[in-house]
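Following: one structure in structure tokens, then a few remarks.
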């Protein structure tokens, strides 16, 4: 069942240690088959060096396990909400990557200080509030997803142009058109988080990049007039 | 004698360079056989790339060498005290891992700024005071252990929920149910120390994570209601 | 066509990941044949682990593609201007290397704090202003090159003695007598940027190195009286 | 001539890239045969990955080349002075290792903040002043050595208990009983420099470790009462 997707999601999971985004089992990647309404996710707490494609767990959009011998990631309920609320995404990643997590622990969104950020993420990367005690007690992982999706709705943020979020005192989630692109965005986020911190230390009065420069770089890579790479070839 | 334990402790020692926790010989791991009342520890000053399982030294709970050609770790007396005072631990680690040691040198405990910390360590990681000149002169390594254990007793800290401590101007000790888990906690400590420093630099007014979030993450992984990983499968 | 140069430029591009200067495809190297008036550059958006010498694109000094199946780097127009305005250079590099980019994002030139810097780069590494909205809209990459070259002309900077520049909120460009030396200078810049940031954090009142020390180190390696290395042997 | 020493010095040089202390050719190691009054040093500007034992250059204590096809390190005159003024040392190292160089660029000595430092280096690591223009013009590398040795004499520092120094706006020199120990001390210095910077950032009011703790750790490893390692076995 979903063998090809399992393989893709397995490979995307294995990119997390490759890119230095996880210590031990502190991360998970999922990918969805939109036609079938099923997604595939890493099992909970399994070390990356013993993980196999067939260990992946299949979940439906109500959060019910459809196939798999193991428990799915403890963050599965967050993934469920994100797939339901963000209909155009195909993959979700959660990590505790050190620089992005440091910003999350600091409770700050990441301003757009340069073109590396603007190439992939349009505007300031948001940091959502802590959940209340009631939300935590009732359904921690589910409310994490709801909080993210509600924040994007309330702030009128386009989740396709901003495929990343920080959860206060916790860490980042990223997404993308598939599991591989979601991991790509997790790598970008970590690089951007590192450089944003350092540039503030180099210049404590630092200001975000001018809007026209952000626009130039974002639209050089995205949308109808993009000309970066080999698109249209 | 204790061949299986020697092998385990040897392997746990070899994880220190693998995880980047030691330079040269600046670290040691021990593991105990509680039934026999004997523990096995790295020999002093031996380089990791020539270390062998049979080099491990066997020590009893009075600190007497029971078997081994080499001198045990110079920190052996600290391990002796910790095994005597913390009856449920099975392994002890000492390193000079750079981020944890930087906090120890700064004389500060590490506040719980996020879920990475709360997943493993319940509350602020304590930093114990300097030993007095009298304690140093009389029995430095032994009093290091006594200071740690007394601090946990006086502060009413649960050593199973807080398997790590910093010694001021020195470095960290961690422990766990066996040598391997003690190393695992040393890795967690180093990651947590790194991110705590950086998040303070990103937000100098930073506050610890809300207690309910710390509780949620700690008890998601520990105790009767834990649901992280494949426990109960 | 230009097979030997393509090979050199390919190899110079492959040094970027080797030295940790690029994540994904965030960098490009070119090299020129001055006699023919043609340069060779990396194709746009192609991953380094699939890049081949024959993928290199040949461009003339008007910016026209002369040979190649792929789109050239999106920064090609900047390279064109630099080759036209800096007649003695043979190679150009652009990266988003993290420390140099952090200074660029901070909008600050890098003061010469020591001999590592003075060995290769004479004086403060300049940081040029943001382009205006008009310049961005009209020809972003071309005006990036013009801005750099005009800045060097206006400030009376010798581009051979200062083979590096930072573009505000963007990142660095470096150059050299060939593609390989341009990459060498990109590595130097990254090391220098890292140490300059850290030494300011260690001493917030830090001052540049004395001029006579800068002169000594620069001229120990450059010009008629150089005695570093095996020159003249 | 001195084949065994050349091999040792070659191997010690190759440890510099292994331990991440050098970029390109920014470092050199020498070792001396005290009976013959000759030392062996890396040739100037030769890349580590093509360096061979037979490339080493033999120099006498007047600084004259006795054997070798290549130019010796441009820092040879500094090594000459150190061997003459510090009669018990057998090896000398110069690098631009990033953390030690950051302190040198900041013009600050490194306070002893912990036992990692005290285990090897007794007291604050000194940072010597800039050379004057006259000293630079007359004999830069020779006066670098004189300045170091004079500083140790004037401050009554024991060069055997403090085998490291920083040269302002330049970088570190270390030494030891042979070339290998000098490299060992260069690694220690880099670790200590890194942790000293970070602990000041974690606690800006940080104070050095108590003298009795420094003494305990230094004399646990050095002198008649040392008990670290397998000495006396």
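Protein chains in written order, with the working numbering: chain A, 84 to 316; chain B, 84 to 316; chain C, 84 to 316; chain D, 84 to 316.
All residues carry an ideal CB built from backbone N, CA and C; glycine is no exception.
Who are the neighbours of residue 285(A) on chain C, taking C-beta pairs under 7 Å?
185, 186, 189, 191, 280
Determine the extent of the alpha helix (DSSP H) in which residue 185(A) is found, giving its start and end residues.
181 to 189
Going by DSSP in three states, residue 121(A) sits in which element: helix, strand or coil?
strand
Using a 10 Å radius around the Cβ and a threshold of 16 neighbouring Cβ atoms, would you call residue 91(D) buried or exposed?
buried
Cut-off 6 Å between Cβ atoms - residues of its own chain near residue 235(D), not counting five sequence neighbours on either side
242
Please list the residues of the stretch 224 to 251 of chain A that have a C-beta atom closer than 7 Å to any C-beta atom in chain B, keeping them in chain order.
none
Check each candidate in 165(B), 127(B), 276(B) and name the one with the smallest Cα separation from residue 144(B).
165(B)
Spatial distance of residue 261(C) from residue 123(C) (CA atoms)
11 Å
Taking Cβ-Cβ distances shorter than 8 Å, what residues in chain B pair up with residue 313(D)?
126, 127, 128, 129, 153, 154
With DSSP as the reference, label residue 199(D) as helix, strand or coil.
helix
Out of 295(A), 174(A), 226(A), 250(A), state which residue places its alpha-carbon closest to the alpha-carbon of residue 117(A).
174(A)
Using the Cα positions of residue 231(C) and residue 130(A), report the straight-line distance between them to the nearest angstrom.
49 Å
Inter-stretch contact at 8 Å, needing at least 3 Cβ pairs: the stretch 273 to 280 of chain C / the stretch 174 to 185 of chain C:
yes
In the DSSP assignment, the beta strand (DSSP E) including residue 115(A) goes from what residue to what residue?
110 to 116
Could you list which residues in chain C have their beta carbon closer than 8 Å to that of residue 289(A), in chain order?
188, 189, 190
Please check the pair residue 134(B) and residue 167(B), which I expect to be a contact at CB under 8 Å, by giving their CB distance rounded to whole angstroms.
That belief does not hold up - the Cβ atoms of residue 134(B) and residue 167(B) are roughly 26 Å apart, past 8 Å.
Whose Cβ in chain D lies nearer than 8 Å to the Cβ of residue 296(C)?
213, 214, 219, 252, 253
At least three beta-carbon pairs within less than 8 Å, the stretch 104 to 116 of chain D to the stretch 290 to 300 of chain C
no
Taking a contact to mean a Cβ-Cβ separation below 7 Å, would you say residue 223(A) touches residue 271(A) in this structure?
no
Using a Cβ-Cβ distance cut-off of 7 Å, determine whether residue 180(A) contacts chain B.
no
Using the Cα positions of residue 302(D) and residue 237(B), report the straight-line distance between them to the nearest angstrom.
32 Å
Per the DSSP calculation, residue 248(D) is bridged to which residue(s)?
256(D)
Check the Cβ-Cβ distances between residue 206(D) and every residue of chain B, and say whether any is below 7 Å.
no
Proximal residues of chain C, C-beta to C-beta of residue 106(D) below 7 Å
270, 274
Nearest neighbour of residue 85(D), chosen from 127(D), 98(D), 137(D) [CA to CA]:
137(D)
Any heavy atom of the ligand MN inside 6 Å of the beta-carbon of residue 115(C)?
Of ligands this structure carries none, so the ligand MN is not represented either.
May I ask you to list, following chain order, the residues of the stretch 161 to 174 of chain C that have a beta carbon less than 8 Å from some beta carbon of chain D?
none
In this structure, does DSSP put residue 177(D) in helix, strand or coil?
strand
Let's test the definition: count the other Cβ atoms within 10 Å of the Cβ of residue 126(A) and tell me whether it reaches 16, buried, or not, exposed.
buried
In chain D, which residues lie less than 7 Å from residue 259(C) when you measure between Cβ atoms?
Those within 7 Å of residue 259(C) in chain D number zero; the least Cβ separation is about 14 Å.
Quick one: what's got a C-beta closer than 6 Å to residue 161(D)'s C-beta in the same chain, skipping five residues either side?
224, 227, 228
Could you give the DSSP three-state label for residue 148(B): helix, strand or coil?
strand
Test item: CB-CB of residue 98(B) and residue 105(B) under 7 Å
no
First and last residue of the beta strand (DSSP E) that includes residue 220(D)?
Segment 216 to 237 is the alpha helix (DSSP H) holding residue 220(D); no beta strand (DSSP E) there.
Alpha carbon of residue 178(D) to alpha carbon of residue 285(A), nearest angstrom
25 Å
Counting only the same chain and skipping the five closest in sequence on each side, list residues whose C-beta sits under 7 Å from that of residue 264(C).
174
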